[in-house]
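Scroll down for the structure; my scribbles are underneath it.
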Amino acid sequence: LRKLSGAFSVAQALEAVGETFNSSTSHHGLTHLAGLAQADQQALSFLSDRRYLSEAQASRAGAILVSDSLRAALPASVSERLVTVANPYLSFARISQWIAVQLEAQRESQEGRDLAPRPFGVGAWVHPSARLGQGVQLAPGVVIGAGTVIEDRVRLSAHCVVGRDCTIGADSLLYPHVVIYDDCQLGARAVVHSGTVIGGDGFGFARAQEQWVKIAQLGAVRIAADVEIGSNCSVDRGTLEDTVIEQGCKLDNLIQIAHNVRIGARTVIAACVGIAGSARIGSDCMIGGSVGILGHLDVVDKVTITPMSLVMSGLDKPGVYSGSSPLQAHRDWEKSAALLRNLPDLRSRLRALEALSKKTDQP
Amino acid sequence: LRKLSGAFSVAQALEAVGETFNSSTSHHGLTHLAGLAQADQQALSFLSDRRYLSEAQASRAGAILVSDSLRAALPASVSERLVTVANPYLSFARISQWIAVQLEAQRESQEGRDLAPRPFGVGAWVHPSARLGQGVQLAPGVVIGAGTVIEDRVRLSAHCVVGRDCTIGADSLLYPHVVIYDDCQLGARAVVHSGTVIGGDGFGFARAQEQWVKIAQLGAVRIAADVEIGSNCSVDRGTLEDTVIEQGCKLDNLIQIAHNVRIGARTVIAACVGIAGSARIGSDCMIGGSVGILGHLDVVDKVTITPMSLVMSGLDKPGVYSGSSPLQAHRDWEKSAALLRNLPDLRSRLRALEALSKKTDQP
Amino acid sequence: LRKLSGAFSVAQALEAVGETFNSSTSHHGLTHLAGLAQADQQALSFLSDRRYLSEAQASRAGAILVSDSLRAALPASVSERLVTVANPYLSFARISQWIAVQLEAQRESQEGRDLAPRPFGVGAWVHPSARLGQGVQLAPGVVIGAGTVIEDRVRLSAHCVVGRDCTIGADSLLYPHVVIYDDCQLGARAVVHSGTVIGGDGFGFARAQEQWVKIAQLGAVRIAADVEIGSNCSVDRGTLEDTVIEQGCKLDNLIQIAHNVRIGARTVIAACVGIAGSARIGSDCMIGGSVGILGHLDVVDKVTITPMSLVMSGLDKPGVYSGSSPLQAHRDWEKSAALLRNLPDLRSRLRALEALSKKTDQP
Chain G
1 LRKLSGAFSV
11 AQALEAVGET
21 FNSSTSHHGL
31 THLAGLAQAD
41 QQALSFLSDR
51 RYLSEAQASR
61 AGAILVSDSL
71 RAALPASVSE
81 RLVTVANPYL
91 SFARISQWIA
101 VQLEAQRESQ
111 EGRDLAPRPF
121 GVGAWVHPSA
131 RLGQGVQLAP
141 GVVIGAGTVI
151 EDRVRLSAHC
161 VVGRDCTIGA
171 DSLLYPHVVI
181 YDDCQLGARA
191 VVHSGTVIGG
201 DGFGFARAQE
211 QWVKIAQLGA
221 VRIAADVEIG
231 SNCSVDRGTL
241 EDTVIEQGCK
251 LDNLIQIAHN
261 VRIGARTVIA
271 ACVGIAGSAR
281 IGSDCMIGGS
291 VGILGHLDVV
301 DKVTITPMSL
311 VMSGLDKPGV
321 YSGSSPLQAH
331 RDWEKSAALL
341 RNLPDLRSRL
351 RALEALSKKT
361 DQP
Chain B
1 LRKLSGAFSV
11 AQALEAVGET
21 FNSSTSHHGL
31 THLAGLAQAD
41 QQALSFLSDR
51 RYLSEAQASR
61 AGAILVSDSL
71 RAALPASVSE
81 RLVTVANPYL
91 SFARISQWIA
101 VQLEAQRESQ
111 EGRDLAPRPF
121 GVGAWVHPSA
131 RLGQGVQLAP
141 GVVIGAGTVI
151 EDRVRLSAHC
161 VVGRDCTIGA
171 DSLLYPHVVI
181 YDDCQLGARA
191 VVHSGTVIGG
201 DGFGFARAQE
211 QWVKIAQLGA
221 VRIAADVEIG
231 SNCSVDRGTL
241 EDTVIEQGCK
251 LDNLIQIAHN
261 VRIGARTVIA
271 ACVGIAGSAR
281 IGSDCMIGGS
291 VGILGHLDVV
301 DKVTITPMSL
311 VMSGLDKPGV
321 YSGSSPLQAH
331 RDWEKSAALL
341 RNLPDLRSRL
351 RALEALSKKT
361 DQP
Chain Z
1 LRKLSGAFSV
11 AQALEAVGET
21 FNSSTSHHGL
31 THLAGLAQAD
41 QQALSFLSDR
51 RYLSEAQASR
61 AGAILVSDSL
71 RAALPASVSE
81 RLVTVANPYL
91 SFARISQWIA
101 VQLEAQRESQ
111 EGRDLAPRPF
121 GVGAWVHPSA
131 RLGQGVQLAP
141 GVVIGAGTVI
151 EDRVRLSAHC
161 VVGRDCTIGA
171 DSLLYPHVVI
181 YDDCQLGARA
191 VVHSGTVIGG
201 DGFGFARAQE
211 QWVKIAQLGA
221 VRIAADVEIG
231 SNCSVDRGTL
241 EDTVIEQGCK
251 LDNLIQIAHN
261 VRIGARTVIA
271 ACVGIAGSAR
281 IGSDCMIGGS
291 VGILGHLDVV
301 DKVTITPMSL
311 VMSGLDKPGV
321 YSGSSPLQAH
331 RDWEKSAALL
341 RNLPDLRSRL
351 RALEALSKKT
361 DQP
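Protein chains in written order, with our numbering: chain G, 1 to 363; chain B, 1 to 363; chain Z, 1 to 363.
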C-alpha cells in the first residue's frame with residue numbers, strides 16, 4: 001500500500017471532503033488508511049459495523065472514524081482515538097478519494113518523471129470531423145471515429161477505440177483497451193475499466209432453412225451520468241431502440257448486458273451477471289454475483305437478488321429473492337441431487353399414505 | 001435510432017432482399033424499422049407471434065409484415081397496412097441488413113467525412129511474409145504475423161492482432177481488439193466482436209510433486225464459414241488436435257470454449273456459457289445463457305438446454321433439458337434449501353411410515 | 001497439428017526433458033504427439049488411465065509412454081511399442097514443451113521469415129523512467145508507464161499496457177492485449193493470456209442519499225512466481241491491502257478475482273469462476289468451472305469444489321463439495337422445481353402422518 005509522503009490530521013481530511021470535525025483531540029501524523037486489524041499508529045481507520053467492535057478495541061490505528069451509537073459501545077481506553085462522524089463508511093469513502101488524488105500528484109512529481117511528459121498526446125488517430133473538448137487527454141493508440149464528440153477533461157487511456165458519432169461525457173475516464181462502437185453515448189463522469197465493450201451487436205438471428213440470418217442491430221447504447229463499469233463487460237447495442245443504463249448505476253466485472261435491456265438508476269450489479277435481451281430492471285436494485293436474468297421481463301425497483309440465482313419471470317414486489325442450490329459435501333450432495341429428481345415419486349408415496357391414513361382413520 | 005434520409009416503400013425493401021411483393025397497396029414513405037408499439041407512420045414493423053396481435057391492432061406503423069395465418073386474425077381496420085410474406089421475422093431480418101448497408105453509406109457520405117479518408121491503411125504492422133487479398137482494410141494498430149493469409153475484402157478493425165500462419169476467410173469482419181493466436185483458421189464471412197480471443201492455450205497441466213507442469217497446447221482453432229462470435233469470448237486452441245466450430249454457429253458474448261471442443265453446425269450459444277475440454281456438441285443445438293457443460297461428453301444434435309443448467313453427462317436424445325434452481329422469496333428459499341439438504345432424512349421417514357402402514361394394513 | 005520436420009526417438013525426447021530411458025527397443029522416426037486413438041506410426045502417445053487400455057491396445061502409435069502397472073495389463077502384441085516411465089502424463093507434459101520449443105524454432109527459420117526481423121522493438125511507448133532488463137522483447141503498441149521494471153527476458157506482445165510502478169518478473173510472457181494497472185507485481189515466469197486485466201478497481205461504493213460514493217482502491221495486485229492466467233480474466237486491485245495470488249496457481253479463462261482475495265499456492269481455478277471480495281482460498285484447491293465463492297470467508301487447503309456450485313460460507317475441512325442442481329428432461333424438471341418450492345409443505349404433511357401413526361400405534 002502506498003502512503004502519503006507528508007502526514008495529515010483527521011481534521012484536515014474531514015474538512016477536505018466537506019465534513020465538519022467535532023472533536024477535542026487532534027489526531028495528527030496520519031499517512032494512510034487501513035482496516036482496523038491491519039492499522040498502525042499512522043493509519044486512519046473506521047468502524048461502521050457492530051461485528052467489528054472487538055477489532056476496534058484491539059486496533060492500533062492512530063484514529064478511528066465512528067458513529068455516535070458505536071462510540072457508546074466502546075470502552076474508555078480507546079475513546080481518545082475515536083472521531084465521531086455521521087456515517088463512518090461514507091466518510092471513509094470520501095477520504096479514500098482525497099488520498100488517491102494526493103497519491104497521484106505525489107507519483108507524478110517523483111524524480112525522473114518530469115524528464116518527459118507522460119506519453120499522452122502522441123500516437124492517437126483522431127478523425128478530422130471528431131470534436132475534442134478542453135483538457136482532453138489521449139494516450140497512445142487511441143482511435144476516435146468520425147463525428148464523435150469527446151467532452152471536456154475526458155481521459156482516454158492507451159488503445160481505447162471510440163467509434164463514429166459517439167459522445168463521451170465530460171470528466172469521463174476510460175482505462176486502457178475500452179471499445180465503444182458507433183453511435184453510443186456515455187454520460188458525464190463515466191468510469192469504464194479495461195476490456196469492456198460497449199455497443200457490440202445484440203444477439204439476434206432469424207432462422208431460414210439451413211442457416212441463421214442476422215438481424216442488423218440498428219439501435220445503440222445510452223449510458224447516463226455517474227455510471228461506473230468494471231473490466232471485461234459486454235453491453236450490447238439495441239435492435240431497434242437503445243440499450244439504456246440510467247444514472248448512477250455501478251457494474252462490476254465480466255457482466256453481460258444484452259440488447260434492449262434497461263437498467264434503472266443507482267442499481268448495482270456484481271460480477272459475472274448475465275441479463276438477457278429486453279429485460280427491464282428497476283432502480284436501486286442489487287444484483288448478486290453470477291445471477292442470470294432472463295429476457296423480456298420486468299423487475300421492479302428495490303429488488304435484491306442473491307448470488308447465482310436465476311430470475312425466470314418478472315418480479316413485481318420489492319424484496320430479497322434467492323434461487324441458488326445449497327453446497328454440501330459431495331457424498332451428501334449425490335444423495336440430495338438424486339432425491340431431487342425423485343421428488344414427484346416421494347410426493348406420490350406421501351399421497352398414497354395420506355389416502356391410506358384417511359381410510360384407516362374413518363372406521 | 002438512425003433513420004434513412006430518403007424514404008423507401010415496402011415493395012422496394014422486399015425486392016431488394018430477393019422476396020416478392022404481392023400487395024395491391026403501395027406503403028411508401030418509410031424511413032426505418034420499429035417494433036409494433038414504438039412504430040410511427042414512417043416505420044415498417046412486423047408481426048410474427050400471435051401474442052402480439054393486440055399490439056399490431058393498435059400499432060401506428062406505416063406497414064406491417066405479416067403471415068397469411070396471422071393476417072386472418074386481424075380486423076379489417078388495419079388490413080390496408082398489412083403486407084403478407086411467408087416468414088415475417090425472416091423478412092424483417094433481411095430488411096434490417098439492407099437498411100444497415102444504406103445507413104453505413106449515408107454515414108460515410110456526410111459532410112466533412114470526405115475531408116480525409118477513414119484512417120484505415122495507416123499504422124498497421126504487417127509481416128512481409130503475410131499475404132493480403134484484394135480490398136482488405138486494415139485499421140490503425142493492426143498486427144499481422146508471418147505466413148498469415150488475409151483473404152479478399154476482410155476488414156480488420158483497430159488493434160486487431162492476428163498471429164502467424166493463420167487464415168482469415170474472405171469477407172470476414174473483425175471488430176476492434178480481437179486477438180487470433182498463431183495457426184488459427186476463420187472461415188468466410190466470419191464476424192468476431194471486440195475483446196474475443198481465439199486460440200489461447202487450453203488449460204492443461206500435469207502434477208509433479210510441488211508444481212504443475214504445463215502441457216504445451218500444440219493444436220489450434222478451426223472455425224468454419226458463417227460463424228459469428230460475440231465480444232469478450234475465449235476459444236482455446238486444442239492440445240493435440242484442433243478445437244472446431246462448424247458452419248453457421250452463432251455465439252453470444254463472454255463464452256468459454258475449452259480446448260478440443262467440437263461444436264456442430266448452426267448451434268447457437270447464449271452469453272456466459274462455459275463448455276469444458278473435449279466436449280462434443282451436436283448440430284442445431286440451442287444452449288441457454290450461463291449454462292455449463294462438463295468435458296469429455298457428447299451432446300447429440302437438436303438438444304436445447306435452458307439457462308443456468310449444468311450438463312454433467314452426455315445427452316443422447318434430442319429434446320429440452322433443464323437443471324436450474326427455482327427463484328423464491330429469500331425466506332422461503334432458506335427453508336427449501338435447508339430441506340433440500342435433508343431430503344435423505346425425509347425419505348427415510350417416509351419409508352418408515354410406509355413400512356408401518358404395511359404392517360398396520362396386514363392384520 | 002504441426003509436426004517436426006526432422007524425426008526424433010523416444011530416447012532423445014526423454015533425455016531432453018531430463019528423464020532416463022530404460023528400454024531395449026529404439027522407437028525412431030517420430031514427428032509429433034497424438035492421442036491413442038488418433039496416433040499413427042510417426043506419433044508418440046501415452047497411457048495414464050486404465051480406462052484407455054483398449055484404446056492403447058488398438059492404437060497405431062509408434063511408441064506409447066506407460067507406467068509399470070499399466071504395462072502389465074497390456075498384451076504382448078503391443079509390448080514392443082511401450083516405453084515405461086514413472087508418470088506417463090507428466091513425461092507427456094514435459095515432452096510437449098520440448099516439441100513446442102522446436103516447432104517455434106522451425107517456424108522462425110522458414111523461408112521468407114528472415115526477410116525481415118519480427119516486428120518486435122518498433123512502435124512501443126516506454127516511459128524514460130521505466131527500466132528494461134536484458135533480452136526484453138516489446139511488440140508493436142506496447143505501453144509501459146513511469147517507474148515500471150520489466151525484468152530479463154520478459155516478452156510483452158502486441159498492445160500490452162503496463163501501468164506505472166509495476167514489476168514484471170523475469171521470463172514472463174504476456175500475450176497480446178494484456179492490461180496491468182499501476183503498482184501491480186507479477187512474479188517470475190508468469191504467463192498471462194490476451195484480454196486479461198490485472199489491477200482494475202475493486203467494486204466498492206458507500207451509499208450517500210441518492211448516490212453511490214466510490215471507495216478509491218488504494219491497494220494493488222501481487223502475483224507470485226509460476227502463475228498462469230488465461231484469457232479475459234479480471235483480477236481486481238485491493239482496497240487497502242493487495243489482492244494476492246500465490247506461487248504456482250493456474251487460472252483458466254473468464255475468471256473474476258475480486259479485491260482483497262488471497263489464493264494459496266498451486267490452487268487451480270477452471271473457467272468462468274467468480275470469487276467475491278476478501279475471500280481467502282487455501283493452497284492446492286481445485287475450483288471447478290462456473291463456481292461462485294462469496295466474499296469474506298475462508299476455504300482451507302485441499303478443497304475441491306465441483307462445477308457450478310456456490311460457496312456461501314467458509315469451508316474448514318479438506319474434501320470435495322458440490323452444490324449444483326441436477327439436469328433433467330424439461331418436463332420432469334418442471335415438476336421437481338415446483339416440488340422443491342413445496343418442500344416445506346411436504347414436510348408438514350409428513351409430520352402430520354407421523355403424529356397420526358404414533359397415535360394409531362399407541363392404543
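We put the CB at the ideal spot given by N, CA and C, even for glycine.
Asked: Quick check on this structure: which residue in B/111, B/167, B/103, B/9 has the alpha carbon closest to the alpha carbon of residue 130 of chain B?; Found: B/167
Asked: From the DSSP output, which residues share a beta bridge with residue 206 of chain Z?; Found: Z/213
Asked: So, are the CB atoms of residue 226 of chain B and residue 264 of chain B less than 9 angstroms apart?; Found: no
Asked: Hey, out of G/183, G/164, G/146, G/193, whose CA is closest to residue 156 of chain G's CA?; Found: G/193
Asked: Cα separation between residue 29 of chain G and residue 295 of chain B?; Found: 57 angstroms
Asked: Return helix, strand or coil for residue 90 of chain G, following the three-state DSSP convention.; Found: helix
Asked: Taking the straight line between their C-alpha atoms, what separation do you get for residue 10 of chain Z and residue 50 of chain Z?; Found: 22 angstroms
Asked: Tell me whether residue 345 of chain B sits in a helix, a strand or coil according to DSSP, three-state version.; Found: helix
Asked: Since I believe residue 208 of chain Z is in contact with residue 90 of chain G (beta carbons under 8 angstroms), could you give me their beta-carbon distance rounded to a whole number of angstroms?; Found: 5 angstroms
Asked: Once you ignore the five residues that flank residue 291 of chain Z on each side, which residues in its own chain have a CB closer than 6 angstroms to its CB?; Found: 273, 305, 309
Asked: Label residue 109 of chain B either buried or exposed according to how many other C-beta atoms from any shown protein chain fall within 10 Å of its C-beta, with 16 as the threshold for buried.; Found: exposed
Asked: List the residues of chain B whose Cβ lies closer than 7 angstroms to the Cβ of residue 312 of chain G, in chain order.; Found: 327
Asked: To the nearest angstrom, how far is the alpha carbon of residue 353 of chain Z from that of residue 322 of chain B?; Found: 33 angstroms
Asked: Based on DSSP bridge pairs, tell me the residues matched to residue 63 of chain Z.; Found: Z/44
Asked: Using Cβ-Cβ distances below 7 angstroms, what residues of the region 292-326 of chain B are close to chain Z?; Found: 292, 294, 306, 309, 310, 311, 312, 319, 320, 321, 322, 323, 324, 325, 326
Asked: Please compile the residues from chain B whose C-beta is within a distance smaller than 9 angstroms of the C-beta of residue 385 of chain Z.; Found: As shown, chain Z starts at 1 and ends at 363. That puts residue 385 of chain Z outside it, with no answer to give.
Asked: According to DSSP, what are the bridge partners of residue 389 of chain Z?; Found: The requested residue 389 of chain Z does not occur in the structure, where chain Z is confined to residues 1 to 363.
Asked: What is the rounded straight-line gap between the Cα of residue 120 of chain Z and the Cα of residue 236 of chain G?; Found: Low confidence applies here, because residue 120 of chain Z scores a pLDDT of 40, under 50, leaving its location unreliable and the question unanswered by this model.
Asked: Have a look at residue 96 of chain Z and residue 144 of chain G and give me their C-alpha separation to the nearest angstrom.; Found: 44 angstroms
Asked: Taking C-alpha atoms, which residue in B/239, B/232, B/298 lies nearest to residue 270 of chain B?; Found: B/232
Asked: Return the CA-CA distance between residue 222 of chain G and residue 267 of chain B, expressed in angstroms with no decimal places.; Found: 31 angstroms
Asked: Closer than 6 angstroms by C-beta to residue 37 of chain Z: which residues in its own chain qualify, once you throw out the five before and the five after it? Chain order, please.; Found: 55
Asked: So residue 348 of chain G contacts chain B; which residues on that side make the cut at Cβ distance below 9 angstroms?; Found: By Cβ distance, chain B contributes nothing, its closest Cβ being about 11 angstroms from residue 348 of chain G, past 9 angstroms.
Asked: For residue 184 of chain G, which residues of its own chain have a beta-carbon under 6 angstroms away from its beta-carbon, when the five flanking residues on both sides are left out?; Found: 166, 198, 199, 220, 221
Asked: I want to see whether chain G comes within less than 9 angstroms of residue 157 of chain B, judged by CB atoms only; does it?; Found: yes
Asked: For residue 76 of chain Z, is the classification buried or exposed, using 16 other Cβ atoms within 10 angstroms of its Cβ as the cut-off for buried?; Found: exposed
Asked: Which residue wins for smallest C-alpha separation from residue 164 of chain B, given the options B/8, B/148, B/286?; Found: B/148
Asked: Could you name the residues of chain B that residue 250 of chain Z contacts, counting a contact when the two beta carbons are closer than 8 angstroms?; Found: 203, 205, 212
Asked: Classify residue 101 of chain G as buried or exposed, calling it buried when 16 or more other Cβ atoms lie within 10 Å of its own Cβ.; Found: exposed
Asked: Suppose you measure from the CA of residue 98 of chain G to the CA of residue 160 of chain G; what does that come to, to the nearest Å?; Found: 27 angstroms
Asked: Below 8 angstroms on the Cβ atoms is my guess for residue 229 of chain Z versus residue 251 of chain Z; work out the distance and round it to an integer in Å.; Found: 5 angstroms
Asked: Of all Cβ atoms in chain B, is any one closer than 9 angstroms to the Cβ of residue 33 of chain G?; Found: no
Asked: Report the three-state DSSP secondary structure of residue 297 of chain Z (helix, strand or coil).; Found: coil
Asked: Smallest Cα separation from residue 277 of chain Z: which of Z/72, Z/326, Z/203, Z/356?; Found: Z/203
Asked: Please give me, in chain order, every unbroken run of the alpha helix (DSSP H) with length at least 4 that falls completely inside the region 148-174 of chain B.; Found: none
Asked: What number of angstroms, rounded off, separates the C-alpha of residue 174 of chain B from the C-alpha of residue 137 of chain B?; Found: 11 angstroms
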